[in-house]
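Chains as they are written, first to last, in my numbering: chain W, 1 to 279; chain V, 1 to 263. We put the beta carbon where it would ideally sit given N, CA and C, even for glycine. What follows is a short report on a single structure.
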Amino acid sequence: MDILQYAFMQRALISAVVVGTVCSVIGVYVILKGLSFIGAGIAHASFGGVALGFILGWNLVGTALIFCLATAWGVGLVSRKGRIREDVAIGILFSATMALGILLVSLLKGYNVDLIGFLFGSVLAVTPEDLWLTVVLALAILLVVGLLYKELLFITFDTEMAQVVGLPATALYFLLLGLMAVTIVVSIKVVGIILVEALIVTPAATAYQLTTDFRRMMVLSVAIGVGAAVAGLFFSYWLNTPSGGTMVLTATIVFFLAALLSPKKRLLRLTRVIGKPST
Amino acid sequence: MGEQELAVELEHVFVSYGQYLVLEDISLQVRRGEFVGILGPNGAGKSTLFKVILGLIKPLSGKVRIFGKPQGTNGVLGIGYVPQISQIDPNFPVCVWDVVMMGRYGRIGLVRRPGQEDREAVWRALERVGIKDLASRQIGQLSGGQRQRVLVARALALEPGLLLLDEPTSSMDVTVAEGFYEFLNEIRDSLELTILLVSHDVTVVSQYTDQVACLNRLLIVHGKPDEVINQATLECMYGHGAMYFAHGDVPHMVVRKPPNEGA
C-alpha cells in the first residue's frame, strides 16, 4: 500500500481507527438507551462552539467541547425535571446552537474552508496536534467505560433499579451524556458535525442485529465501526470522494446487509420498550 | 409493639406530583415476616407508595422507617425490588445471569468487579426461583412467567430482608399466578422475608396474603383479607357498580362501568 507512505495518510488512518473505536463503543449505549436523537443534537451544537472558537481565536476543540457538554447536560436536566419533553428540548437547543454558529460565521466575513471541514469532516487534514488530542481523549473515554463497565450497563438496562441497589444512577447518566459529548468532539474532525451521528449509531445498530450478548455486541460494533472507517478512508482515496461521507455510506451498506442476514430479523424491533407512566 | 418487629412503618405520608396529590396521609405498619397485599385501581398511587418505601421519591411530609431506620439516611437498606415487567426491554442483549448479577452491583461498589461471593449469591438466587438452567439464556427468549422469576432472583441476589413486588402476575395466566403466589409464601418462610405486593387482582391477593391494604390515594383499610374485602371497601376503591360475589371457595368481583364515567 504505497499510499501509506504519506504522513497525512498515516494520520488519517490512525484517526479513522481511533474514532471508529470510540464511536462504536459509545454507540452501543446510545442504541440501547435510545439516545440517538440527543447524539444528533449534541453534534449540531458543536457548530456554534466551533464558530465561536474561530471568532475568539481559541482552540476549536475546547469551545466545541463546552457547547457539546452544555447541550448534553442541559437536555439531560430538562428531561429529568419533566417540564419539557426531551425531544422538544433537543429540537430547540440543536437548531438554536446551529443558528448561533451561522450568525457567528457571517461575522467572519468571507468564506472559510476550515469551517466546511468541520461540517463535513476532513480526515486528510488532520494535523499531528489534532491526532494527539484525539488519541488522548479517546483513551480517556475508553478508560472510563472500562472502569465503569458494569455500572453503565446497568443504568442503560434499568436506571431505576440501579438507583434502588444504591448506585448513583443520575450521576452515571450524566457521565454517559458527557462521554457522548467528548466522543462527538473527538470525531467531528474526521467525519464532520453532520455525519458523526451515523458513525455512532450505525455500527452499534448493525451489531445489535447480529447478537443477543452485550459483550459480543460491543466487540462486533467496534469491528464494524473500525472496518467501515478504514475501508471508507481507502474507498474515498481511490474513488476521490469525501472521506466522511464514504465512511458513513460504507457503514450503512454493512448495516443493511446485516439486517437482511440477521437471524433474528430484529430491524423492526429496534424500538425501546417505554415504561408506562408510573403511579 | 417493639420497633424491631416492624419492617415498614409509614406515618402520615403525603406525596404530590406537581399540584396533584397522589398519596394522602398514609400511615401503614408492616410487621417482620408478614405478606401484605396492597390493592387498588390503576392510578391509585400503588407504585408511588413503593417508590417512597424504596427512597426513590421523597414524601412532601411524613416519616418512613425501614426496619426501624429512617429511609434515606444510609443508602441501601436491603430492600429487594421487583418492578413491573413492562419496565424491562426484552430485546436488551443481556442473559439471565447478567440481570441477576446486577442485583449485586450496589453491594460490590463502583469500579470493582464481582467476586466469588457475588457469583455464589447469584447461583443461590437462581436456584431459589428455579431457573438455574436458564442462566445463559437471553431474557427475550423466556416466557413472561420465567422473566418475572428473573426479576425476583435479581431482587433476592441482594439478600434483602424486605421484598417489594409491583404487579408481578400481570403477565401470567391464573394457574401460573397461583403457583407464583405459593412460591412467594415459600420464600417468605425459608428466607424470613417480609413481602409487600401491589396488585389490582382482589381475589388472588386476598387468598394468599396475611394482610391486605386497600389504596386509592388514601389508605382505606388495612387488615386481614376476610375482614377487609367487603362491599364497602370495594365500592370505595372501584366506585359504585363493583359487585362482590361469594360463592364456592373463591370469591370474585365484577366492576360494572357506569355509563357516564371514564375508565
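Residue i: first and last residue of the uninterrupted beta strand (DSSP E) it sits in
| i | result |
| --- | --- |
| V/F14 | 6–17 |
| W/F234 | Per DSSP, W/F234 belongs to no beta strand (DSSP E); it is in the alpha helix (DSSP H), 214–239. |
| V/R65 | 61–66 |
| W/V165 | No beta strand (DSSP E) contains W/V165, which DSSP labels as neither H nor E. |
Identified DSSP bridge partners for residue i
| i | result |
| --- | --- |
| V/F35 | V/I195 |
| V/G80 | V/L163 |
| V/K132 | Answer is none; V/K132 lacks a bridge partner. |
| W/I84 | Note: W/I84 sits in no beta bridge, so no partner. |
| V/K69 | V/I66 |
| V/A213 | V/I38, V/H222 |
| V/Q122 | The identity of residue 122 of chain V in the sequence shown is Val, whereas the question assumes Gln. The partner list for V/V122 (beta bridge, DSSP) is empty, contrary to what the question assumes. |
Contacts that residue i makes with chain W (C-beta to C-beta distance below 9 Å)
| i | result |
| --- | --- |
| V/V174 | Per Cβ cutoff of 9 Å: no residues; V/V174 is ~23 Å from chain W at best. |
Per-residue contacts from residue i into chain V (C-beta, under 7 Å)
| i | result |
| --- | --- |
| W/Q163 | L56 |
| W/T211 | P93 |
Listed by chain order, chain V residues near residue i by CB distance under 9 Å
| i | result |
| --- | --- |
| W/G178 | Going along chain V, no residue has its Cβ under 9 Å from W/G178, so there is no contact; the nearest lies around 16 Å. |
Residue i Cβ short of 7 Å to the ligand GDP heavy atom set
| i | result |
| --- | --- |
| W/A207 | Here there are no bound small molecules, and the ligand GDP is not part of this structure. |
Enclosing alpha helix (DSSP H) for residue i [first to last residue]
| i | result |
| --- | --- |
| V/H200 | It is not in any alpha helix (DSSP H) - V/H200 carries neither H nor E in the DSSP assignment. |
| V/C95 | No alpha helix (DSSP H) holds V/C95; DSSP gives it neither H nor E. |
| V/V221 | Here V/V221 belongs to no alpha helix (DSSP H); instead the beta strand (DSSP E) covers 218–223. |
| W/G245 | 243–261 |
| W/A12 | 7–33 |
| V/I187 | 174–190 |
| W/V50 | 36–56 |
| V/S47 | 46–54 |
| W/P128 | 128–147 |
| W/T202 | 196–210 |
| V/R149 | 144–157 |
| V/I108 | 105–108 |
Contacts that residue i makes with chain W (C-beta to C-beta distance below 7 Å)
| i | result |
| --- | --- |
| V/F92 | L32, F157 |
| V/V111 | L147, L148 |
Nonlocal neighbours in the same chain, by C-beta distance under 8 Å from residue i, ignoring five residues either side
| i | result |
| --- | --- |
| W/I141 | V22, V25, I26, L179, V182, T183, V186 |
| W/F8 | L124, A125, V126 |
| V/V94 | Q138, I139 |
| V/L295 | There is no way to answer for residue 295 of chain V, as the model of chain V reaches only from 1 to 263. |
| V/D249 | Because the pLDDT at V/D249 is just 49, under 50, the model does not fix this residue reliably, and the point stays unresolved. |
| W/G62 | G53 |
| W/V282 | In the structure displayed, chain W extends from 1 to 279; residue 282 of chain W sits before or after that span and is not available. |
| W/A198 | V191, V248, A251, T252 |
| W/L93 | G41, A45, T71, G74, V75 |
Contact set for residue i: own chain, Cβ-Cβ below 7 Å, skip 5 residues either direction
| i | result |
| --- | --- |
| W/I194 | L119, F120 |
| V/R154 | V99, V100, M102, G103 |
| W/M217 | V28, A207, Y208, T211 |
| V/S190 | none |
| V/I131 | V96, Q146, R149, V150, A153 |
| W/A262 | The sequence given here has Ser at residue 262 of chain W, not Ala. Closer than 7 Å at Cβ, skipping near neighbours: Q209, L210. |
| V/H247 | Here V/H247 scores only 46 on pLDDT, less than 50, and its place in the model is too uncertain to base an answer on. |
Cβ shell of residue i (< 6 Å), same chain only, five flanking positions each side left out
| i | result |
| --- | --- |
| W/L172 | E151, I155 |
| V/L151 | V82 |
| W/V190 | S15, V19, G121, V123 |
| V/D210 | E34, F35 |
| V/E9 | Q29, R65 |
Within chain W, partners of residue i - CB distance below 8 Å
| i | result |
| --- | --- |
| V/P264 | Residue coverage of chain V in this structure runs from 1 to 263, which leaves residue 264 of chain V outside it and unanswerable. |
| V/D347 | The structure shown has nothing for residue 347 of chain V, since chain V only spans 1 to 263. |
Chain V contact residues for residue i, given Cβ-Cβ distances below 8 Å
| i | result |
| --- | --- |
| W/L167 | Y105, G106, L110 |
Min CB distance residue i to chain B below 8 Å
| i | result |
| --- | --- |
| V/Y81 | Although the question refers to chain B, the structure presented lacks it and instead comprises the protein chains W and V. |
Taking one C-beta from the stretch 229–248 of chain W and one from the stretch 136–154 of chain W each time, how about it: are there three or more such pairs within less than 8 Å? no
Inter-stretch contact at 8 Å, needing at least 3 Cβ pairs: the stretch 80–96 of chain V / the stretch 124–144 of chain V: yes
At least 3 beta-carbon pairs within less than 8 Å: the stretch 216–233 of chain V vs the stretch 57–64 of chain V: no
The stretch 190–201 of chain V in contact with the stretch 166–178 of chain V per 3-pair CB rule at 8 Å: yes
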